[in-house]
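Peer 1: Each residue of the sequence shown is one higher than the one before, counting from 1299 in the numbering used here. Glycine residues also receive a C-beta, built at the ideal position from the N, C-alpha and C atoms. Keep in mind the model is a prediction, meaning the values are calculated, not measured.
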Amino acid sequence: MEIINVLFLGIILIVVIGIIYLTAVNISNKRSKKISEYNEIIRKLPEVSDTLSDEQIERVLRYVKNHPVAVNSLLKEANLPFEVSETEDKNDPRLWKPGHWLWFFTTKK
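Quick look at the structure:
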């Protein structure tokens, strides 16, 4: 009788381990699928380089490096991001409004 109990407990243990394993695999597959979906969404997001040339981006980054306090204060004022559209604005970040800065820092690089 004791051997039957040990075998029965062994079988139950194997079943429980199998259920735990299958649950972990299922969770892992769901996470992988979600990560793939997020990557696809991110891939489709517009990029700063869709609007600004490499030279213009470098100019903006230099401005940020040289004037971090001014840029931070403009960012704090920003409510909604909006893309830089005027040629003058694209070429001179000193003309940017708070929304331009928010757009630059929240848009994919």
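(1) Quick one: using the 10 Å Cβ neighbour count with 16 as the cut-off for buried, is E1350 buried or exposed?
(2) Where does K1406 sit, in a helix, a strand or coil, going by DSSP?
(3) Give me the Cα-Cα distance between P1396 and E1375, rounded to the nearest whole angstrom.
(4) Output needed for Y1361: all residues of its chain with C-beta closer than 6 Å, excluding positions within five of it in sequence on either side, in chain order.
(5) Could you tell me the boundaries of the alpha helix (DSSP H) in which S1371 lies?
(6) Tell whether a beta-carbon distance below 8 Å holds between T1404 and E1345.
(7) List the DSSP bridge partners of E1345.
(8) Measuring alpha carbon to alpha carbon, tell me which of E1386, G1316, H1365, E1381 ends up nearest L1400.
(9) Look up L1307 in the DSSP assignment and say whether it is helix, strand or coil.
(10) With a threshold of 8 Å on Cβ separation, who are the neighbours of K1328 within its own chain once the five nearest residues in sequence on each side are excluded?
(11) Could you have a look at E1300 and say whether DSSP puts it in helix, strand or coil?
Peer 2: Looking at the coordinates:
(1) The question names Glu, but residue 1350 is Leu in the sequence shown. With 16 or more other Cβ atoms within 10 Å, it is buried.
(2) strand
(3) 6 Å
(4) P1391
(5) 1366-1375
(6) no
(7) K1406
(8) E1381
(9) helix
(10) none
(11) helix
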